[in-house]
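Numbering (numbering that gives the first Met the number 0), first residue to last: 0 to 227. First up is the structure itself, then whatever we jot down about it.
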Amino acid sequence: MAEPDLDLLPEFHTDVRRFDKGSRIPGWDRAADLDKDPAVVPDPADTEVPAELRAEIEAEMARFPDYHSAAIPALYAIQRRDGWCSPEGIRQAACVMGVTPAYLTSVATFYDMFNTEPVGRTQVYVCTNISCSLCGADELLGLLEEELQGNEMVNLRGFECLGACDIAPMVSVDGVYVGPVAFDEVPELARQILDGEDPLPDRQLVKRPSADPKVAGSSPGEGERSQP
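See below:
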């Protein structure tokens, strides 16, 4: 069989950082610390927990048959308060839940949406999974890095999947989904991020038309879809 002529193959995006740097998930290359003391549940007598945090976590625990299911809401509560899942915050949450800090740390390091190191307050994620990568997500991430580099208030990184393949390539700005984002829109998007403005309002997923006329903002007019 003749060898294929590679010059005839379509040109694909080559800047795929997942292969250059290994996994994009932080901490994948750090070995476990085997010298740490055995995990124990924090003693309530020695662990001061703010009343507001305790109430929020206990309310989440009451929602589930198994209180371990409140781990993710508890970690979100810590991250909202501290800007990241700090060791002290994890210890406080573990005390309320009656679990070890190691248990909550294992959850925080498994999921990509939790930060286990201090980061900027503004969370900017570029989806880099297959649908977005095929639509230029890696180039999009590179352009945003150029625009936002050096700004410590912004935590910009690739994210393995944001579940919005229909608007690829897309970006999440503090939970606001925008897309598809064109390369020439990156400077304006970066400016809006730095100025704290609403990111690309016309591209936001929440403002896209819905097939359900009962959904607020589903389409122009009185909630009925416009005809072609």
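Heads up, the beta-carbon is just placed ideally off N, CA and C, and yes, glycines get one too. Bear in mind the structure is a predicted one, so any value in this text is a computation, not a measurement.
(request) Using the Cα positions of I71 and F109, report the straight-line distance between them to the nearest angstrom. (result) As a first step, residue 71 must be located in the sequence shown, where it is residue number 72. As a first step, residue 109 must be located in the sequence shown, where it is residue number 110. If you take the alpha carbons of I71 and F109, they lie about 11 Å apart.
(request) Measure from the alpha carbon of R39 to the alpha carbon of each residue in M169, G97, V175 and E151, then state which is nearest. (result) Within the sequence shown, numbered from 1, the residue matching residue 39 stands at position 40. It should be pointed out that residue 39 corresponds to Val in this sequence rather than to Arg. With distances taken between CA atoms, V39 lies nearest to G97 out of M169, G97, V175 and E151.
(request) Give the DSSP-derived three-state secondary structure of N154 in the structure shown. (result) For this step, residue 154 is matched to residue 155 along the sequence shown. Looking at N154 - three-state DSSP - the assignment turns out to be strand.
(message) Quick check: what's the CA-CA separation for A93 versus L204?
(response) Residue mapping note: residue 93 aligns to position 94 of the sequence shown, counting from 1. Residue mapping note: residue 204 aligns to position 205 of the sequence shown, counting from 1. So the two alpha carbons sit approximately 35 Å from each other.
(request) Have a look at the DSSP bridge pairing and note the partners of T121. (result) Reading the sequence shown from its first residue, position 122 is the one you call residue 121. T121 is bridged to V153.
(message) Could you compute how far the alpha carbon of P186 sits from the alpha carbon of R120?
(response) The sequence position of residue 186 within the sequence shown is 187, counting from 1. The sequence position of residue 120 within the sequence shown is 121, counting from 1. Taking the straight line from one Cα to the other gives about 20 Å.
(request) Indicate the three-state DSSP secondary structure (helix, strand or coil) for Q91 in the structure shown. (result) Against the sequence shown, residue 91 aligns to sequence position 92. If DSSP states are grouped into helix, strand and coil, Q91 belongs with the helices.
(message) Rounded to whole angstroms, what is the Cα-Cα separation between A30 and P100?
(response) Mapped onto the sequence shown, residue 30 falls at position 31. Mapped onto the sequence shown, residue 100 falls at position 101. Cα to Cα, A30 sits roughly 18 Å from P100.
(request) Alpha carbon to alpha carbon, how far is P86 from S22? Give it in angstroms, no decimals. (result) As a first step, residue 22 must be located in the sequence shown, where it is residue number 23. As a first step, residue 86 must be located in the sequence shown, where it is residue number 87. Residue placement at S22 is poorly supported in this model, since its pLDDT is 49, which falls under 50; the coordinates still yield a value, given next. Those two C-alpha atoms are separated by around 24 Å.
(message) Just to confirm before moving on: does the CB-CB distance between V95 and V48 stay below 7 Å?
(response) What you label residue 95 is simply residue 96 of the sequence shown in a count that begins at 1. What you label residue 48 is simply residue 49 of the sequence shown in a count that begins at 1. By the CB criterion at 7 Å, V95 and V48 fall inside the cutoff.
(request) Quick one: residues in its chain with C-beta nearer than 6 Å to the C-beta of P117, no 5 flanking neighbours on either side, listed in chain order? (result) Here residue 117 corresponds to residue number 118 of the sequence shown, with the count starting at 1. Contacts found: W83.
(message) Whole angstroms are fine: how far does the CA of D42 sit from the CA of A163?
(response) Locating residue 163 in the sequence shown gives position 164, counting from the first residue. Locating residue 42 in the sequence shown gives position 43, counting from the first residue. So the two alpha carbons sit approximately 42 Å from each other.
(request) Tell me, please, whether the stretch 175-182 touches the stretch 137-153 by the rule of three or more beta-carbon pairs shorter than 8 Å. (result) Two segments are said to touch when three or more pairs of C-beta atoms, one from each, lie closer than 8 Å; by this definition the stretch 175-182 touches the stretch 137-153.
(request) Could you have a look at K20 and say whether DSSP puts it in helix, strand or coil? (result) For the purposes of this step, residue 20 is identified with residue 21 of the sequence shown, where counting begins at 1. Summary for K20: the model assigns pLDDT 45, below 50, so the residue's position carries little reliability, and this model does not support an answer.
(request) Return helix, strand or coil for C84, following the three-state DSSP convention. (result) As a first step, residue 84 must be located in the sequence shown, where it is residue number 85. In this structure, C84 counts as coil in the three-state DSSP scheme.
(request) Give me the Cβ distance between P200 and L188, rounded to the nearest whole Å; I'm assuming they're in contact under 8 Å. (result) As a first step, residue 200 must be located in the sequence shown, where it is residue number 201. As a first step, residue 188 must be located in the sequence shown, where it is residue number 189. 11 Å between Cβ atoms; not a contact.
(request) Leaving aside the five residues before and after T104 along the sequence, list all residues of the same chain whose C-beta is less than 7 Å from its C-beta, in chain order. (result) Here the question's residue 104 lines up with position 105 in the sequence shown. Only I89 meet the Cβ criterion.
(request) Using three-state DSSP, classify C131 as helix, strand or coil. (result) On the sequence shown, position 132 is the one that residue 131 refers to. In the structure shown, the three-state DSSP call for C131 is helix.
(message) Quick check on the DSSP output: the alpha helix (DSSP H) that includes S105 runs from which residue to which?
(response) The residue given as residue 105 occupies position 106 in the sequence shown. Per DSSP, S105 belongs to the alpha helix (DSSP H) from P100 to F109.
(message) Short of 7 Å in beta carbon distance, which residues of its chain neighbour C131, apart from the five on each side in sequence? Order them along the chain.
(response) In the sequence shown, the residue the question calls residue 131 occupies position 132. So the list reads A167, P168 and M169, once near-sequence residues are dropped.
(request) Work out the CA separation of I192 and D36 for me, nearest whole Å. (result) As a first step, residue 36 is located in the sequence shown; it is residue number 37 there, counting from the start. As a first step, residue 192 is located in the sequence shown; it is residue number 193 there, counting from the start. Between D36 and I192, the C-alpha separation is close to 42 Å.
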